[in-house]
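Under numbering that gives the first Met the number 0, the first residue of the sequence shown carries the number 0, and numbering increases by one thereafter.
Cβ atoms here follow ideal geometry from the backbone N, Cα and C, with glycine treated the same way.
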Amino acid sequence: MLNPYRPENAIIRSTKKETYDVKTYTFAFEKERSDFSFRPGQFIMLSIFGIGEAPFSLCSNPVDNETLATTVRNVGNVTRVLDGLSEGDVVGVRGPYGTSWPLEEARKKNILIVAGGIGIAPLRALIMYVANNRHDYGDIEILYGARKPDDLVFTDEFKNWASIENTNLLLTVDSVPKGSQWAHNVGVVTTLFEKMNTTSDNTVV
């Protein structure tokens with residue numbers, strides 16, 4: 000863990016526009032930190048010098064200790080300035096903090112993941128972790144929704160998620176704007192409950 004009181008410099012390695020107001024940022028520490036690690040569900044404090052600091056969930060692959068990533072919606076002072084930064088710019092990082100998902104308690108059990116909009120961001124790390132340790136867990140079912148198709152994030156990863164062994168991915172949106180293409184469910188994410196395979200037997204949510 001980094002010094003909890005002193006930010007470490009981290010360089011933006013890449014940015015990826017997910018939606019009109021959401022981006023995924025990938026960082027690498029300015030000084031090599033091979034000892035940095037986190038568990039799905041934890042977060043970092045990200046600071047922009049002269050502006051402020053804010054907490055963001057980690058959404059990167061937990062087995063990758065060379066980079067870390069977070070997916071951010073542009074909604075405040077820190078995120079507004081962050082949105083204007085680009086590859087090569089430097090930010091401060093403290094952490095990780097927070098309690099991780101109960102991964103040990105979930106071993107040999109089925110996993111149901113339910114999320115809406117940007118709420119899928121911290122769960123992306125969980126999906127990657129379970130995929131990396133596939134034989135430690137049972138079936139996976141992912142129910143993910145948003146207000147409209149353009150509000151879904153990580154859309155280029157859906158095919159990979161669905162291809163994970165014994166994994167079922169169900170998608171939904173509240174509504175489909177005229178002219179948009181959508182081949183999945185329409186309705187709030189809870190409408191997927193009647194379509195899912197998961198039962199309460201030996202399942203964690």
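By the Cβ criterion, the stretch 133 to 144 is in contact with the stretch 178 to 194, since at least three pairs of Cβ atoms, one from each stretch, lie closer than 8 Å. Distance between Glu31 and Ala9, taken at the CA atoms: about 10 Å. Apart from sequence neighbours up to five positions away, the residues of its chain that approach Gly97 with a beta-carbon distance below 7 Å are Gly40, Gln41 and Phe42, ordered along the chain. A straight-line Cα-Cα distance of about 12 Å links Pro121 and Phe153. Per DSSP, Met127 is one residue of the alpha helix (DSSP H) stretching across Ala120 to Asn131. Cα atoms of Asp34 and Asn132: separation of roughly 21 Å, rounded to the nearest angstrom. Assigned with DSSP and collapsed to three states, Glu7 falls in strand. The residues Arg123, in chain order, have a CB closer than 8 Å to that of Glu156 in the same chain once the five nearest residues on each side in sequence are set aside. The Cβ-Cβ distance between Leu169 and Lys194 falls below 8 Å. A contact is defined here as three or more CB-CB pairs under 8 Å, and the stretch 54 to 69 fails this definition with respect to the stretch 102 to 116. Per the Cβ contact rule, the stretch 63 to 75 is in contact with the stretch 10 to 25 (3 or more Cβ pairs under 8 Å). Boundaries of the beta strand (DSSP E) harbouring Leu45: Phe42 to Ile47, taken from the DSSP string.
In the three-state scheme derived from DSSP, where H, G and I count as helix and E and B as strand, Phe153 is classed as coil. For Gly87, the CB contacts under 7 Å within the same chain, skipping 5 residues up- and downstream, are Ile10 and Ile11 in chain order.
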